[in-house]
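Engineer: First the structure, which I've put down as structure tokens, then a few questions once you've had a look.
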Amino acid sequence: MAEPTSQSTAAVAEPSAQPIAAANSAPIEAAEIEDDNADPTYGTEGAEPTASVASSILEYFVPTDDLSLDNFDIMHHFLTLLLDDKLHLAPIKPDATRILDIGTGTGIWAIDFADEHPDVTVIGTDLSPVQPTWVPPNVSFEIDDCAKEWTWDADSFEFVHVRYLFGAIRDWTALFKQAHRTLKPGAYLESVESEPTSYSDDGSVADDGSVADDGKTALGGRFGAMFREAGKVTGNSMSVITDNIQVQAMKNAGFVDVQEITHKVPMGSWPKDSKLSQIGAFAKMSLESDLSGYTQLIWHEILRWPANEFEVFMIKVRQELKDKKLHPYFHVRYVWGRKPEAAESADAAPTA
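Below, the structure is given as structure tokens:
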């Protein structure tokens, strides 16, 4: 199937009703191994964090210390590279005046969008007040819990952007219903999610889903299993792509013309393709920047696995991330849907 043709963020555009491919499944070809100096992130140990543990640790596993905030900005960079410098795939009407960014984190996506669209008011929300104060005049930030009832008026936004909330949401349909209510008819919701499950096209990283520390690789076994098991304990799924949660929840919330695209994101600069190699280098940097910061919260506080096994496991993961004979990648999925116009609403009402 054809790759999606997203609209440039240089100018907001009218919606397109053309169907979009469900996935990008082409195998990633690995480059021949020469030396590790080609990737400045290889051989760099992830620093030990001084993570501040939020009171809602059992509901959301990501710390908000400096390392995790740096990780958020690096993640934004490789996601932007993934989309060829675009900030979104959903079309936005040219006369849009107000958009909402849920889970804004450091606010980097909202700031970039506001810079590109100075006539659009951008509001970013997050649980933590970690956003900068020096921002474009058309962007503002509010502290808010998106899992609770939204206070925005109905039909008040022309676009809602939701990114990287896996592990933080218990009821995705309820979340998307709130977005549906606050969007104007004809406007789009876009959800961008990932999950910490490692794959490989050549079998170098085999994901056996085992929680035991005896799999082919730590990345392909216990690492992904750790997050999946934590999601079961907290009730906040960390397998949103595997379980196809975004698509189903969006349809259940009443959105139509729901489209999706799934990208493979390499962990490291091992791909032969120069663009994927660059994306992979930053993705690996993002993962390593605070590797212990978020895994130790899950390991010790949520799963309560043997404490003496944690550091040994982390050493294995770091070693595998540096091993260019291994070719791991993870998935990032973009899903977007349109709130029906008034005339369509009767046929596309949200499910109970």
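Residues in the sequence shown are numbered consecutively from 1, following full-length UniProt numbering.
A virtual CB, placed ideally from N, CA and C, is assigned to each residue, including glycine.
Please read these numbers as outputs of a predicted model, since none were measured by experiment.
1. Can you tell me the Cα-Cα spacing of I28 and D201, whole angstroms?
2. Around the C-beta of N244, are 16 or more other C-beta atoms found within 10 angstroms, so that it is buried, or is it exposed?
3. Quick one: measure Cβ to Cβ for I315 and F227, integer angstroms, because I've assumed they're closer than 8 Å.
4. Nearest by alpha-carbon distance to G203: which of M267, T217, E344 and L291 is it?
5. Where V139 and I108 are concerned, what is the direct C-alpha to C-alpha distance, given to the nearest angstrom?
6. Nearest-angstrom Cα distance between T71 and V312?
7. Pick helix, strand or coil for S204, following the three-state DSSP scheme.
8. Closer than 8 Å by C-beta to H300: which residues in its own chain qualify, once you throw out the five before and the five after it? Chain order, please.
9. Span of the beta strand (DSSP E) holding F157?
10. For the region 105 to 173, list the alpha helix (DSSP H) runs that are entirely contained and at least 4 residues long, ordered along the chain.
11. Which residues in the same chain have their Cβ closer than 6 Å to the Cβ of H161, if we skip the five residues on either side of it in sequence?
12. Using the rule of at least 16 other Cβ atoms within 10 Å of the residue's Cβ for burial, across every protein chain shown, is D171 buried or exposed?
13. Could you give the distance in angstroms between the alpha-carbon of P15 and the alpha-carbon of M250?
14. Go ahead and pull the three-state DSSP assignment for L183.
15. Around the Cβ of Q259, are there at least 16 other Cβ atoms within 10 angstroms (buried) or fewer (exposed)?
16. Assuming contact is defined by CB atoms lying nearer than 7 Å, are A30 and H327 in contact in what I supplied?
17. I need the straight-line Cα distance from A225 to K232, nearest angstrom please.
18. For R222 and N236, what's the separation of their Cα atoms in angstroms?
19. By alpha-carbon positions, which one of K93, P266, D153 and A90 ends up nearest to M75?
20. Can you tell which of S198, F282, S274 and A174 has the C-alpha that lies nearest to the C-alpha of T242?
21. Taking buried to mean at least 16 other C-beta atoms within 10 Å of its own C-beta, is I123 buried or exposed?
22. Kindly give me the distance between the Cβ atoms of K339 and P91, rounded to whole angstroms, as I take these residues to be in contact under 8 Å.
23. Between I169 and the rest of its own chain, which residues show a CB-CB distance below 7 Å, the 5 nearest in sequence each way excluded?
24. Does the separation of the CB atoms of V130 and I111 fall below 7 Å?
25. Less than 8 Å between the CB atoms is what I'm expecting for E195 and S239, so what's the real figure, rounded?
26. Note down the Cα distance separating S286 from G105, rounded to an integer number of angstroms.
Structural biologist: According to the structure shown:
1. 7 Å
2. exposed
3. The Cβ separation is near 19 Å, so there is no contact.
4. T217
5. 11 Å
6. Position check: residue 71 holds Asn in this sequence, whereas Thr was assumed. Straight-line Cα distance between these residues: approximately 23 Å.
7. coil
8. A307 and F310
9. F157 to R163
10. 108 to 116
11. D101 and E190
12. exposed
13. Confidence in P15 is poor, its pLDDT being 36 and thus under 50, which makes the residue's placement too unreliable to answer from.
14. strand
15. buried
16. yes
17. 11 Å
18. 19 Å
19. P266
20. S198
21. buried
22. 13 Å between Cβ atoms; not a contact.
23. A147, L175 and N236
24. no
25. 6 Å
26. 15 Å
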